[in-house]
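I have placed the structure first, in the form of structure tokens, so that the comments after it can refer back to it.
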Amino acid sequence: MRFGYRLSRLLGSVHCNANVLFVPPDGTSVLTAVGNRVLWVDLVNHATSAMPFEARKDIELLAASHDGRILVVVDVEGRALLINLQRRVVLHRLNLKSRVRAVAFSPDDRYMAFAVGRTVEVWCTPGRRHQFAPLVLYKTYGGSTDDVTCISWAPDGCNLLVGGKDMTARLHYNNDSGVPTGFVSSTLAGHRDVLRGVFFDPSGRQCFTVSRDGGVFTWEFDADAELTAGAARPDLTLYSPTHGRWRLANKNFLRQSTGMRCLVESVAMAQEKGLLVVGFNLGVFGLYEMPGGAAIHTLSVGKGTGITTAAIARGGEWLAFGSGRTGQLLVWEWQSETYVLKQAGHSYGLNALAFSPNGALCATGGEDGKVKLWSVTSGFCFATFAEHEAPITAVVFVPGGGAILSASLDGTVRAHDLTRYRCFRTLATPAAAQLTSLAVDPAGEVVVAGAADPFELYVWSLQTGKVLDVFGGHEAPIADVAFSPTEPIVASASWDGTVKLWNIYKSELVETLEMPADVLAVAFRPDGKQVCCACLNGTLQLWGVEDGDLQKVIEGQRDVAGGRHSGDKITAKANARSKHFTSVAYSVDGSCVLAGGESRHVCLYACASGILVRKFQVSHNRSLEGILDELHSGRLTEGGSLDLLPASDSEGEGRGSGGGLPGAKRGNEGKRQPAHILTACLNARPRCCFRCRAQTKEAVRTTCVRFSPTGQEWAAATPHGVLLFALDDVTAFTPTDLDEDATPAAARAAIARRDWARAILMALTLGEAPLLAEAVDAVPPDEVPLVAQAIPAGLASRLLAALARRLEAARALEYHLCWVRALLRAHGPRLRAEAGRDVGARGALRAVHKVCEAGRDAGARGALRAVHKAITNHERDLFKLARQNQYTLQFVAMEPPAAAAAATMMAEAAEPAKLQQHADVDAMIVSEAAVQADDGAMEVNAVLYTGKHKRR
19 MRFGYRLSRL
29 LGSVHCNANV
39 LFVPPDGTSV
49 LTAVGNRVLW
59 VDLVNHATSA
69 MPFEARKDIE
79 LLAASHDGRI
89 LVVVDVEGRA
99 LLINLQRRVV
109 LHRLNLKSRV
119 RAVAFSPDDR
129 YMAFAVGRTV
139 EVWCTPGRRH
149 QFAPLVLYKT
159 YGGSTDDVTC
169 ISWAPDGCNL
179 LVGGKDMTAR
189 LHYNNDSGVP
199 TGFVSSTLAG
209 HRDVLRGVFF
219 DPSGRQCFTV
229 SRDGGVFTWE
239 FDADAELTAG
249 AARPDLTLYS
259 PTHGRWRLAN
269 KNFLRQSTGM
279 RCLVESVAMA
289 QEKGLLVVGF
299 NLGVFGLYEM
309 PGGAAIHTLS
319 VGKGTGITTA
329 AIARGGEWLA
339 FGSGRTGQLL
349 VWEWQSETYV
359 LKQAGHSYGL
369 NALAFSPNGA
379 LCATGGEDGK
389 VKLWSVTSGF
399 CFATFAEHEA
409 PITAVVFVPG
419 GGAILSASLD
429 GTVRAHDLTR
439 YRCFRTLATP
449 AAAQLTSLAV
459 DPAGEVVVAG
469 AADPFELYVW
479 SLQTGKVLDV
489 FGGHEAPIAD
499 VAFSPTEPIV
509 ASASWDGTVK
519 LWNIYKSELV
529 ETLEMPADVL
539 AVAFRPDGKQ
549 VCCACLNGTL
559 QLWGVEDGDL
569 QKVIEGQRDV
579 AGGRHSGDKI
589 TAKANARSKH
599 FTSVAYSVDG
609 SCVLAGGESR
619 HVCLYACASG
629 ILVRKFQVSH
639 NRSLEGILDE
649 LHSGRLTEGG
659 SLDLLPASDS
669 EGEGRGSGGG
679 LPGAKRGNEG
689 KRQPAHILTA
699 CLNARPRCCF
709 RCRAQTKEAV
719 RTTCVRFSPT
729 GQEWAAATPH
739 GVLLFALDDV
749 TAFTPTDLDE
759 DATPAAARAA
769 IARRDWARAI
779 LMALTLGEAP
789 LLAEAVDAVP
799 PDEVPLVAQA
809 IPAGLASRLL
819 AALARRLEAA
829 RALEYHLCWV
839 RALLRAHGPR
849 LRAEAGRDVG
859 ARGALRAVHK
869 VCEAGRDAGA
879 RGALRAVHKA
889 ITNHERDLFK
899 LARQNQYTLQ
909 FVAMEPPAAA
919 AAATMMAEAA
929 EPAKLQQHAD
939 VDAMIVSEAA
949 VQADDGAMEV
959 NAVLYTGKHK
969 RR
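This is how it looks when you write it as structure tokens:
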């Protein structure tokens, strides 16, 4: 089994409190922040990815240079990161020592302006060449009587306009010539509220200021020839009192007919197009033409959804909005009035997650009572189910993948159809209960759920929705249940320190496993012969199912130990709060177990030896409790830590404003019920909204961990969403098969002399993905079956895995399907044996990895699942495309109206026949592609089914 997992995507959350930013220069991607991570959203390819770096604390500001080379990330403490946007690496770290409210690059990208408190600091941007001091403070501008909130550069890059809470705008001159100019700063006053934005027009002789009360003022500069002649530098055109004066040319107030006070929360402007976009606190945004303030477009994105950030693309076609209160991210094309992107994460914390049987989908259940479906490939949410009236505690897919089940504290289990995306079955308990766990049998017909009060296990029939049986016997709340993959046995873990094995079909208790402490989680090994139990004392108990014997005890107290909280009176080493696991999951081959709990670590253990293979840290965000092992002694007082005090804001809009205790309002106030009984069991401390986060810091934790059925990914549910860790796409390097002739040059020479099989073998041995792609693409389609037969059976699974990754990219679909079909026909029996037997093919073929023979490796099985996933996705897309083309061609081939002239009818009589002929040809082409995709999928399904049948 490979252990090189890295963070690839972030699911479950798309936006927090930072601003939204279009990536220059093309503006086809959007950057947003989730906690202390930056999320890249590609609007053209419809995909997301998480940046491979973290800020020190929650990110508050994002800014990019105009050439798209440098990205500035600023957290809530004023610590900035300078990122190379193309390579996604950290170049410099900068501590501004105070909260930063605005960042702006000069038009030539030579300077960066930071609004630090009441001052504006201008720093030199690092250049492309090596410098002795690349990051230097150039100048500091003051004069404001309150914090600066917005910054704008003039098109010439010399004038700097700043606005702040003192309700005035000030114009500064950035003199980089070294010659005194005699510039005097100008003050633009007249607003009655805090300024939200200041902007220049393309000429630089006009500027616009926008305040929170909706006031939009237009200022113009009137030059005076007499003053300019007597100035210190008459050759320069300075927008200063020494050369003229600024006057108020126009005054507009933006109002919304809502009957409530409407305040401006965000503002952005496309200076070249003269378009001003304004977001209001009532969920309405408006697009205005400047100067003049004429309304062009207005839309409501949601009732009570405050638009906390707004952005506009450089071309002015796309508008991006984010709401920190609800976690929504929207991209709107105002000319066609369509959504380019519309995503929303969970409003509060995540409690459960599950992968679909093919690993293409991920389901999440949150404290807001919603179940969301996410695409693992793109990272987007495409379906939301909100039928539950209380927090979700567990989600699970049926084995066929056609439906998803969810359990909630409202005492119901709901089954959702993934074809029509609706709830088709509701399973209720005979009496009021709070369900905490959920499992389904391998056939997808029997559903089992455990409750916290009463301490019972409920069994339903999914087809009829009736209660089949109720099992009692536990003396404490049931924390988790799991179904055996091979036998009709259910394991129930309880706080009473026992794990009971039930035979569902015979309605009897098979075995009771006594544990040394309360049991918090349970999981079966994929072969059903072993069960892993996580106990409150920090151990993982591995028990045999057939004999009921204890096979291994893994001590994990030290591995999972977390940090110290701000309110703790004792050290982290002496605190037992986080020294246990709350969720466990086996790997696909059953050789390792993944465990997470109330700490920042997720541990991966080898089951045979019980050693720690690897430990992952899910977050380095110091805005969360439990990250640091030691606290800053200077912030500890007799009354407690200063970090627990609410943050004050003179404006009344800060992070500490907003009344109410944390957790007093959750989700729909009229429907959601608090989880006061299962706080410890579910670790379900509510995720505070951004109004309360300054008062109650959220703790870092992992509520659920799961392995993908493909074995290529695993996921962890954290306070800031689901972290998806995936294996690197780089082909494995096998030095045991190397010889002196196996070089990239030799592989390319083999391609040149048309020895494609040898070239592919060299590329697989060297482990170079680009070289392998070059060798595969060089094979003519007619020669693919012969080359596939020349590939050794031991390397067929690795080549299949590489083809599966290329199939997902949707390039040369028919050609790669030919490769997959040829490999399956040439090595089908061997792949069936590899997918079905206990000893892994890759481990047996590699002499250096003979130790893997004791376990099961998912080399062939994982490759087959990846191919099946890619073919299924393309089959669905081809089916939709064929249906659309069929309707389009039928419409084009329609005959003209009968009222047309006879000459026109005769002239065009032959045209429908031709069009119909072309339509038939196109339909045949699409049908052949769909049939070919069906053949590939059927062959992969046959291999998977045969392997599964052999295991049974």
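Just so we're aligned: 50 in the numbering used here is position 32 of the sequence shown, and the numbers increase by one with no gaps anywhere. Glycine included, each C-beta is placed from N, C-alpha and C at the ideal position.
{"query": "Taking 8 angstroms as the threshold (beta carbon to beta carbon), is Val59 in contact with chain D?", "result": "Checking the listed chains, one finds no chain D in this structure; it contains a single protein chain."}
{"query": "According to the Cβ coordinates, are Gly729 and Val611 closer than 8 angstroms?", "result": "no"}
{"query": "What does Tyr306 pair with, by DSSP beta-bridge criteria?", "result": "Leu294, Ala313"}
{"query": "I need the straight-line Cα distance from Ala497 to Ala819, nearest angstrom please.", "result": "38 angstroms"}
{"query": "Quick one: what's got a C-beta closer than 7 angstroms to Lys597's C-beta in the same chain, skipping five residues either side?", "result": "Gly556, Gln575, Val578, Ala579"}
{"query": "Between which two residues does the alpha helix (DSSP H) holding Val802 run?", "result": "802 to 808"}
{"query": "Could you give the DSSP three-state label for Gln908: helix, strand or coil?", "result": "helix"}
{"query": "Using the Cα positions of Leu622 and Lys633, report the straight-line distance between them to the nearest angstrom.", "result": "6 angstroms"}
{"query": "Could you spell out where the beta strand (DSSP E) holding Asp93 opens and where it closes?", "result": "88 to 93"}
{"query": "Decide if the stretch 758 to 773 is in contact with the stretch 804 to 811; the criterion is three or more beta carbon pairs, one per stretch, under 8 angstroms apart.", "result": "no"}
{"query": "Using a 10 Å radius around the Cβ and a threshold of 16 neighbouring Cβ atoms, would you call Tyr257 buried or exposed?", "result": "buried"}
{"query": "Quick check on the burial criterion: 16 or more other C-beta atoms within 10 angstroms. Buried or exposed for Gly82?", "result": "What sits at residue 82 in the sequence shown is Ala, not Gly. Ala82 is buried by the Cβ-count criterion."}
{"query": "Can you find the residues in the same chain that come closer than 6 angstroms, C-beta to C-beta, to Val32, ignoring five residues on each side of it along the sequence?", "result": "Leu347, Gln361, Gly363"}
{"query": "Quick test of your reading: Pro460 and Pro409, contact by CB under 8 angstroms. State the CB separation rounded to the nearest angstrom.", "result": "Actually they are not in contact, since the Cβ atoms of Pro460 and Pro409 sit about 28 angstroms apart, beyond 8 angstroms."}
{"query": "Can you list, in chain order, the residues of its chain whose CB lies under 7 angstroms from that of Pro472, leaving out five sequence neighbours each side?", "result": "Ala451"}
{"query": "Excluding five sequence neighbours on each side, which residues of the same chain lie with their C-beta closer than 6 angstroms to the C-beta of Ala775?", "result": "Val805, Ala808"}
{"query": "When burial is assigned at 16 or more other CB atoms within 10 Å of the CB, is Glu307 buried or exposed?", "result": "exposed"}
{"query": "Roughly how many angstroms lie between the CA atoms of Cys225 and Val794, to the nearest whole one?", "result": "58 angstroms"}
{"query": "From what residue to what residue does the beta strand (DSSP E) around Ala370 run?", "result": "368 to 373"}
{"query": "Given a threshold of 16 other Cβ atoms within 10 Å of its Cβ, counted over all protein chains shown, does Asp428 qualify as buried or as exposed?", "result": "buried"}
{"query": "Under three-state DSSP, which class holds Trp774?", "result": "helix"}
{"query": "Considering Ala791, what are the terminal residues of the alpha helix (DSSP H) in which it resides?", "result": "787 to 795"}
{"query": "For Val541 and Ala412, I'd like the C-alpha separation in whole angstroms.", "result": "It should be pointed out that residue 541 corresponds to Ala in this sequence rather than to Val. Roughly 14 angstroms between the two C-alpha positions."}
{"query": "Who are the near neighbours of Val234 in its chain, counting only those whose CB is closer than 6 angstroms to its CB and skipping five residues on each side?", "result": "Val228, Asn270, Gly311"}
{"query": "Leaving out the 5 sequence neighbours to the left and right, which residues in its chain are closer than 6 angstroms to Pro979 when beta-carbon positions are compared?", "result": "Any question about residue 979 goes unanswered here, given that the chain covers just 19 to 970."}
{"query": "According to DSSP, is Glu669 part of a helix, a strand, or is it coil?", "result": "Its pLDDT being 44, under 50, Glu669 is placed unreliably in this model, and the coordinates cannot settle the point."}
{"query": "Can you have a look at Lys75 and say buried or exposed, based on whether 16 or more other CB atoms are within 10 angstroms of its CB?", "result": "buried"}
{"query": "What's the C-alpha gap between Val90 and Leu100?", "result": "5 angstroms"}
{"query": "Just to confirm before moving on: does the CB-CB distance between Val134 and Leu109 stay below 8 angstroms?", "result": "no"}
{"query": "Count the other CB atoms within 10 Å of the CB of Arg279; is the residue buried (16 or more) or exposed (fewer)?", "result": "exposed"}
{"query": "Mind checking whether Gly345 and Ser365 have CB atoms under 8 angstroms apart?", "result": "yes"}
{"query": "Is the distance from the Cβ of Trp837 to the Cβ of Val802 below 8 angstroms?", "result": "yes"}
{"query": "So the alpha helix (DSSP H) Gln575 belongs to, where does it begin and stop?", "result": "575 to 578"}
{"query": "Should the stretch 737 to 746 be regarded as contacting the stretch 19 to 27, the criterion being three or more beta carbon pairs within less than 8 angstroms?", "result": "yes"}
{"query": "How many angstroms separate the CA atom of Ser512 from the CA atom of Ala494?", "result": "6 angstroms"}
{"query": "Could you compute how far the alpha carbon of Phe132 sits from the alpha carbon of Glu139?", "result": "5 angstroms"}
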